[in-house]
Structure formats: structure tokens, C-alpha cells
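The next block holds one structure in the form of C-alpha cells; read it before the comments.
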Amino acid sequence: MPTMFAAAGVDDLIKTGGSCRVNADIKAHFVPGDKIVARNINPVSHTRLPQYVRGKHGTVERDHGVFVFPDTNAVLKGERPQHVYSVMFTARELWGPQAPEKDKVYIDLWDDYMDPAG
Amino acid sequence: MNGIHDLGGRHGMGPIDIDPEQPIFHADWERRMFGMFILAFAGGHFNIDQFRAAIEKMKPAEYLESDYYEHWLYSLETWCKANGSLTDEEIENRMRKLSKGAV
Numbered sequence: 001m002p003t004m005f006a007a008a009g010v011d012d013l014i015k016t017g018g019s020c021r022v023n024a025d026i027k028a029h030f031v032p033g034d035k036i037v038a039r040n041i042n043p044v045s046h047t048r049l050p051q052y053v054r055g056k057h058g059t060v061e062r063d064h065g066v067f068v069f070p071d072t073n074a075v076l077k078g079e080r081p082q083h084v085y086s087v088m089f090t091a092r093e094l095w096g097p098q099a100p101e102k103d104k105v106y107i108d109l110w111d112d113y114m115d116p117a118g
Numbered sequence: 119m120n121g122i123h124d125l126g127g128r129h130g131m132g133p134i135d136i137d138p139e140q141p142i143f144h145a146d147w148e149r150r151m152f153g154m155f156i157l158a159f160a161g162g163h164f165n166i167d168q169f170r171a172a173i174e175k176m177k178p179a180e181y182l183e184s185d186y187y188e189h190w191l192y193s194l195e196t197w198c199k200a201n202g203s204l205t206d207e208e209i210e211n212r213m214r215k216l217s218k219g220a221v
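Put into C-alpha cells, the structure is as follows:
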């Protein structure tokens, strides 16, 4: 069964929202500046990897720290904490050569959503 | 899951409402829905990722035609029924009473 919160903590839960941040020393697989390619995965269960970035190339902009991995947590297969990064994709990478040249999309991606771009 | 919830990049959905003045709740039932979510979440009926996952399993047409907090209600009912703390019969009974003016 998922975690229960003490009644005393419910006020804070409402005011600040719950956080899925995990205080654990987990190795980061990427650093800002790294070129990545989003994995082409299509799980039938929950994932927070949008379809439109799968297989696309991006650049790691910043490391947000360590968070619960939604894909496994959604099916009670463990929190599998890992780093989450802000990853930049150009509009042209996502939508093709007719997209505006300077537009960019930033998406928060977990370590398990990415491979290094060769 | 490659469901209808993953709307990024799709056309024909109309403009995104970014009115900063819009109310937090559009109706009183939404306020109650928020409260029920917090209590059920704090009570351990589901974690946040299970909660999102259930919403993704709504029938696509139903998902698109229902409100944000109706999605929450769908998920809350799903998980509370899954762990036995709520039954379809109880929901039906409550709806019957509400339709007769109960509060």
C-alpha cells in the first residue's frame, strides 16, 4: 500500500504540494551540456516521457536532483530514484524545418528516459 | 501509455487558457473534489503516479469531454474501489440521494 501521511502534515501537503524529491546519493548519468537522445519506449503503463520527444535529440541544460521514477512507482515496483534533468529540444528537431528557428522546448526527463547521443 | 492524455503537439484542441485571473475552483464541487483527493492521498489509497496512471486509462472520448476535476474523481473512485473502501453500489446510492436534493 502507498505511503500514508500523518494528519499533522496534511496542511503543508495542501499549501506546498507533495514533492517526489528523494534525498539520496545517486549517480547522475548526464551533466549539463551533454547531447542526448530520448529513448523510443512505448510502455502500456504510466510514463512521463511525451510521445513527441521519443527518438529526438536534445541537450541537457540542468540537473534538478534526484526524484522518484514515475514509471515504476505507478505500478508499485519501487521508487527507483534517479536524476531528473531539464532537457532542451529545438522546435525544429521536434516539428521539422518549418518550425520557428529560435523556439525551444524544455522537458524534464529522468535518467531512464535518455541515452547519450553518439 | 500512449493514451489520449498525451496531447503535446496535437492540433485542433483550441487555444490554451492562460488567464492568470481565473478562479482556483470554478464550482463548489471542485473544491470538495480537491479536499477528497488530499485526504485519500494522505490516507495512502494511492501514490501520485498511480493517481495519474488511472486517469490515463479513462475512455478517450470521456477523457476529452470531461473536466480536470472529473479526471480526479475518476481516479479516486478507481483506487478506492480497487482497495475495497468504496463500492459501485455506494456511489449509485449517493448519486440517487444527490439527485433528490441531498447535500
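Taken in sequence, the protein lines are chains A and B.
Okay, so the first sequence: first residue is 1 according to my numbering, each after it adds one.
Okay, so the second sequence: first residue is 119 according to my numbering, each after it adds one.
Cβ coordinates follow ideal geometry from the N, Cα and C atoms, glycine included.
Just so we're clear, the structure is a prediction, and the values are computed from it rather than from any experiment.
Residue i - containing alpha helix (DSSP H), residue span
i: B/Arg-232; result: There is no way to answer for residue 232 of chain B, as the model of chain B reaches only from 119 to 221.
i: B/Pro-178; result: 178 to 183
i: A/Asp-108; result: Unbroken run through A/Asp-108 is the beta strand (DSSP E), 104 to 110; no alpha helix (DSSP H).
Range of the contiguous beta strand (DSSP E) that encloses residue i
i: A/Val-66; result: 57 to 67
i: A/Thr-16; result: No beta strand (DSSP E) holds A/Thr-16; the alpha helix (DSSP H) holding it covers 10 to 16.
i: A/Asp-34; result: Counting along the chain, A/Asp-34 falls outside any beta strand (DSSP E), and DSSP gives it neither H nor E.
i: A/Tyr-85; result: 82 to 90
i: A/Pro-116; result: 114 to 116
Inter-residue Cα distance where the pair is residue i and residue j
i: B/Asn-198; j: A/Pro-97; result: Inspection of the sequence shows that residue 198 of chain B is occupied by Cys rather than by Asn. In a straight line, the C-alpha of B/Cys-198 is about 48 Å away from that of A/Pro-97.
i: A/Thr-3; j: A/Pro-100; result: 45 Å
i: A/Gly-58; j: A/Leu-49; result: 13 Å
i: B/Asp-147; j: A/Lys-27; result: The residue you asked about is not Asp; residue 147 of chain B is Trp in the sequence shown. If you take the alpha carbons of B/Trp-147 and A/Lys-27, they lie about 45 Å apart.
i: A/Leu-76; j: B/Asp-167; result: 9 Å
Nearest-angstrom beta carbon gap, residue j and residue i [assumed within contact, 8 Å]
i: A/Val-84; j: A/Leu-109; result: 7 Å
i: A/Val-53; j: A/Phe-30; result: Contact doesn't hold; Cβ gap of about 15 Å is too wide.
i: A/Gln-119; j: B/Asn-120; result: The requested residue 119 of chain A does not occur in the structure, where chain A is confined to residues 1 to 118.
i: A/Ala-74; j: A/His-46; result: 4 Å
i: B/Leu-182; j: B/Ile-122; result: 6 Å
Chain B contact residues for residue i, given Cβ-Cβ distances below 7 Å
i: A/Gly-18; result: Ile-166
Closer than 8 Å at the beta carbon, the chain B residues around residue i
i: A/Ala-74; result: Asn-165, Asp-167, Gln-168, Arg-170 and Ala-171
At least three beta-carbon pairs within less than 8 Å, the region 22 to 35 of chain A to the region 3 to 14 of chain A: no
The region 149 to 165 of chain B touching the region 186 to 196 of chain B, judged by at least three CB pairs closer than 8 Å: yes
Contact set between the region 150 to 164 of chain B and chain D, restricted to residues whose Cβ is under 8 Å from the partner: Of the chains in the structure shown, none is chain D; the protein chains are A and B.
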